[in-house]
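Below is one structure; the comments refer to it alone.
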């Protein structure tokens, strides 16, 4: 792993955006350089300290899934070495943590698929017996496996804001019924393929979110990150049990620690992360990568 990168400073390309983790630079009119930093966010607040190696882990995992799932739907990854599109003195910033991708028109929807009850889905179910308008059987518990994966879209929030769960009908209004159905069906197929693969390696994918865009020909294309610990809830299969939330191969450890910080109201500035929290978090990410890609 290279040294930690909290924020990139590439001057040879125009900066387009800085997200919670990724920073996008223009590579001509039709390509992007996506750099995964070592930032980490929780409760939509970016922590002040980096998680060393996290950006490289996310990039390796995304590249792996793009390759494994390429036959389900086109994706935006291009076979271009990121080090060739930046200045020589900037190569250290992109080595192992960046991708050159096709520039797309993003859809304004988070395509969320859930295979188990957790997070906001569990809260919705407790209140209404449904998740995003999808009715579920009575008597389910926290971490229950659903009878079949469900598609529960959300709106894309601005940086620092919360994504909002929406009903499928709202998604249809936003992008059209035909495209909405296509996104839903492809998302469930992607989830099921990935969940089967991960389960054989001791990891349950409780839920995940996909992002899609349209290319210049209007073809639906998978984009951004895919099936990483940042965009998914990974559980070790050997500790899963209904009624409790298993320890996750993601940032749930960080969330749990933050929940116990006295007086923090989940608004900036965040608490200072102790070294042991940083080390434990990156260890969970690294274990997920090793289990899935070894």
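Numbering (my numbering), first residue to last: 7 to 300. Positions of the beta carbon are idealized from the N, C-alpha and C atoms, including for glycine. All of these numbers come straight from a predicted model, not from anything done at the bench.
Short of 6 Å in beta carbon distance, which residues of its chain neighbour residue 10, apart from the five on each side in sequence? Order them along the chain. By 1-based counting over the chain shown, the position of residue 10 is 4. Hits under 6 Å: 44, 56 and 58.
Smallest Cα separation from residue 216: which of 157, 222 and 274? Here residue 216 refers to the residue found at position 210 of the chain shown. The candidate whose alpha carbon is nearest that of residue 216 is 157.
Cα-Cα separation, residue 256 to residue 74: Position 250 of the chain shown holds residue 256. Position 68 of the chain shown holds residue 74. So the alpha carbons of these two residues sit roughly 21 Å apart.
Bounding residues of the alpha helix (DSSP H) (the contiguous stretch that carries residue 177): Stepping through the chain shown from its first residue, residue 177 is reached at position 171. For residue 177, the uninterrupted alpha helix (DSSP H) run begins and ends at 174-181, by DSSP.
Could you compute how far the alpha carbon of residue 222 sits from the alpha carbon of residue 285? The residue you call residue 222 lines up with position 216 of the chain shown. The residue you call residue 285 lines up with position 279 of the chain shown. Distance between the alpha carbons of residue 222 and residue 285 is about 43 Å.
Straight-line Cα distance separating residue 176 from residue 185: Counted from its first residue, the chain shown places residue 185 at position 179. Counted from its first residue, the chain shown places residue 176 at position 170. Roughly 13 Å between the two C-alpha positions.
Could you spell out where the alpha helix (DSSP H) holding residue 63 opens and where it closes? If you number the chain shown from 1, residue 63 lands on position 57. 60-74 is the extent of the alpha helix (DSSP H) around residue 63.
Sequence ranges, alpha helix (DSSP H) only - wholly within the segment 77-121, length at least 4: 97-100
Three or more beta-carbon pairs under 8 Å between the segment 132-148 and the segment 200-218, yes or no? no
Inter-residue spacing [alpha-carbon to alpha-carbon] between residue 89 and residue 152: Along the chain shown, read from residue 1 onward, the residue named residue 89 stands at position 83. Along the chain shown, read from residue 1 onward, the residue named residue 152 stands at position 146. Spanning the two alpha carbons is a distance of roughly 43 Å.
Any idea what DSSP makes of residue 154, helix, strand or coil? Start at 1 with the first residue of the chain shown, and residue 154 comes out as number 148. If DSSP states are grouped into helix, strand and coil, residue 154 belongs with the strands.
Buried versus exposed, by CB contacts within 10 Å (16 or more), residue 239: Position 233 of the chain shown, counted from the start, is the residue given in the question as residue 239. Burial call: buried.
In whole angstroms, give me the CA-to-CA distance for residue 35 and residue 25. Numbered from 1 along the chain shown, position 29 holds the residue referred to as residue 35. Numbered from 1 along the chain shown, position 19 holds the residue referred to as residue 25. Distance between the alpha carbons of residue 35 and residue 25: 20 Å.
Does the segment 118-127 come close enough to the segment 142-149 to have 3 or more Cβ pairs within less than 8 Å? yes
Residues in the same chain with beta-carbon distance under 6 Å from residue 243, minus the five sequence neighbours each way, listed in chain order, please. Within the chain shown, the letter at position 237 stands for residue 243. So the qualifying residues of the chain are 208 and 210.
Measure from the alpha carbon of residue 248 to the alpha carbon of each residue in 108, 128 and 31, then state which is nearest. Taking the chain shown and counting its residues from 1, one reaches residue 248 at position 242. Among 108, 128 and 31, the Cα nearest to that of residue 248 is on 128.
Would residue 42 pass as a contact of residue 260 if the rule is Cβ separation under 8 Å? The residue you call residue 42 lines up with position 36 of the chain shown. The residue you call residue 260 lines up with position 254 of the chain shown. In this structure, residue 260 does not lie closer than 8 Å to residue 42 by Cβ.
For the beta strand (DSSP E) containing residue 23, name the first residue and the last one. Your numbering for residue 23 matches position 17 in the chain shown. Note, residue 23: beta strand (DSSP E), 21-24.
Could you tell me the distance, in whole angstroms, from the CA atom of residue 218 to the CA atom of residue 281? Here residue 218 corresponds to residue number 212 of the chain shown, with the count starting at 1. Here residue 281 corresponds to residue number 275 of the chain shown, with the count starting at 1. Their backbone Cα atoms lie some 36 Å apart in a straight line.
Which one or two residues does DSSP pair with residue 53 in a beta bridge? Counted from its first residue, the chain shown places residue 53 at position 47. DSSP lists no partner for residue 53.
My output table needs one value for residue 47: the three-state DSSP class, helix, strand or coil. Working through the chain shown from its first residue, we reach residue 47 at position 41. Looking at residue 47 - three-state DSSP - the assignment turns out to be strand.
Is residue 51 near residue 83, with beta carbons less than 8 Å apart? Residue 51 sits at position 45 when you count from the first residue of the chain shown. Residue 83 sits at position 77 when you count from the first residue of the chain shown. Result no, Cβ atoms of residue 51 and residue 83 do not sit closer than 8 Å.
Terminal residues of the alpha helix (DSSP H) in which residue 282 lies: For the purposes of this step, residue 282 is identified with residue 276 of the chain shown, where counting begins at 1. Counting along the chain, the alpha helix (DSSP H) containing residue 282 begins and ends at 281-299.
Residue environment, residue 130, which counts as buried when at least 16 other CB atoms sit within 10 Å: Locating residue 130 in the chain shown gives position 124, counting from the first residue. So residue 130 counts as buried.
Rounded straight-line distance, which links the Cα of residue 266 to that of residue 277: Counting from 1 along the chain shown, the entry for residue 277 is found at position 271. Counting from 1 along the chain shown, the entry for residue 266 is found at position 260. Using only the alpha carbons, I get a separation of about 11 Å.
Per DSSP, what kind of secondary structure is residue 126 in: helix, strand or coil? Stepping through the chain shown from its first residue, residue 126 is reached at position 120. Helix at residue 126.
C-alpha distance - residue 279 paired with residue 116, whole-angstrom precision: To locate residue 279, count along the chain shown from 1; it is residue 273. To locate residue 116, count along the chain shown from 1; it is residue 110. Distance between the alpha carbons of residue 279 and residue 116: 29 Å.
For a cutoff of 8 Å on Cβ pairs, would you count residue 280 as touching chain D? No chain D appears in the structure shown, which is made up of a single protein chain.
Proximal residues to residue 293 (C-beta, below 8 Å), its chain only, five neighbours per side dropped: Against the chain shown, residue 293 aligns to sequence position 287. So the list reads 255, once near-sequence residues are dropped.
Could you tell me the distance, in whole angstroms, from the CA atom of residue 7 to the CA atom of residue 229? Along the chain shown, read from residue 1 onward, the residue named residue 7 stands at position 1. Along the chain shown, read from residue 1 onward, the residue named residue 229 stands at position 223. Confidence at residue 7 is low in this model, with a pLDDT of 48, below 50, so the placement of that residue is unreliable and no value is reported for it.
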